[in-house]
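Worksheet: the structure to be examined is printed underneath.
In the numbering used here, the protein residues as written are -15 to 289.
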């Protein structure tokens, strides 16, 4: 094998079931259009399996809403510190302890790193929210540590001001050796059509909080706004991907000028592609893009000696 190092978990190789969920949503408990009950009912009707309500600076109590066939995860979105252009950092916390608020006075004392540490102290996992929308620079994000990942897609930021795609930030972190999972989210406020557009598909043994959170922490999921991935294989020399919905482009994204974009001259759709590793890649992730521009993102495969 070219690569002798440890590879990341592959969700397509572990036992379990696939569960669809959104981990960034708002209700009338902060600045959302709909009540928690209505938001939850909407995601249930759209065949989601789990949802995190992440109201601004307060944890909405969701325990009473969880059912055997629909899981609610407690969450929060906090704004802290100032980046280099004077805007606040936004952090999403999932699986945090319920029943607390982060007051303006408290948040004013926190920088971005302190915010990440705070969410972890509350039992949760921190995710860097919409860095493009926030106007953050790469240098703003490079020093941060301890976060679980970054929002590669944010529906409301895309539909609102066209700044919902943050893959360039993700790749900058990965190129620096900073492992971050990539999350597609809604951040839905429902003031316009920003709901049900970005999600993660998690492989877990059961639909309960412990199982879902454990799988998310391990990166056992992929993100999507539409395309479905059926299989990913890595044999030490090549990465192979098979989709279950037709796509027009498959991008094998690596560090620097490495990688490859696969597409057909006549624009014909296809289902599978592979990339043979050249031996110098630090990481690789895959994007699958359909004819409507909807995308699925795998989590990165890291290579190390």
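From the three backbone atoms N, C-alpha and C, an ideal C-beta is built for every residue, glycine too.
* By Cβ distance, which residues of its chain are closer than 7 angstroms to residue 18, with the 5 residues on each side in sequence left out? -> 11, 12, 174
* Counting Cβ pairs, one atom from each stretch, are 3 or more of them under 8 angstroms apart for the segment 187 to 197 and the segment 158 to 167? -> no
* Asked: Among residues of its own chain, excluding the 5 on either side of residue 243, which ones have a beta-carbon nearer than 6 angstroms to its beta-carbon?
  -> Only residues of its own chain outside the window of five on either side were considered, and among them 236, 237 have a CB closer than 6 angstroms to the CB of residue 243, listed in chain order.
* By the 10 Å Cβ neighbour count, where 16 or more other Cβ atoms means buried, how is residue 265 classified, buried or exposed? -> buried
* **Those runs of the beta strand (DSSP E) which lie wholly inside the segment 18 to 89 and span at least 3 residues** => 34 to 37, 55 to 64, 73 to 78
* Terminal residues of the beta strand (DSSP E) in which residue 190 lies -> It is not in any beta strand (DSSP E) - residue 190 carries neither H nor E in the DSSP assignment.
* On a CA-only basis, which of 3, 37, 71 is nearest residue 172? Give me that one, please. => 37
* Heavy atom of the ligand NAP within 7 angstroms of residue 152 beta-carbon -> In the structure on display, the ligand NAP does not appear, and there are no ligands present to speak of.
* Asked: Using the rule of at least 16 other Cβ atoms within 10 Å of the residue's Cβ for burial, across every protein chain shown, is residue 152 buried or exposed?
  -> exposed
* Asked: Is residue 68 near residue 40, with beta carbons less than 8 angstroms apart?
  -> no
* Note down the Cα distance separating residue 176 from residue -3, rounded to an integer number of angstroms. => 38 angstroms
* Where the alpha helix (DSSP H) through residue 153 begins and ends -> Residue 153 -> alpha helix (DSSP H) spans 151 to 159.
* To do: Determine the extent of the beta strand (DSSP E) in which residue 134 is found, giving its start and end residues.
  => 133 to 138
* What separation, rounded to the nearest whole angstrom, lies between the Cα atoms of residue 47 and residue 283? -> 29 angstroms
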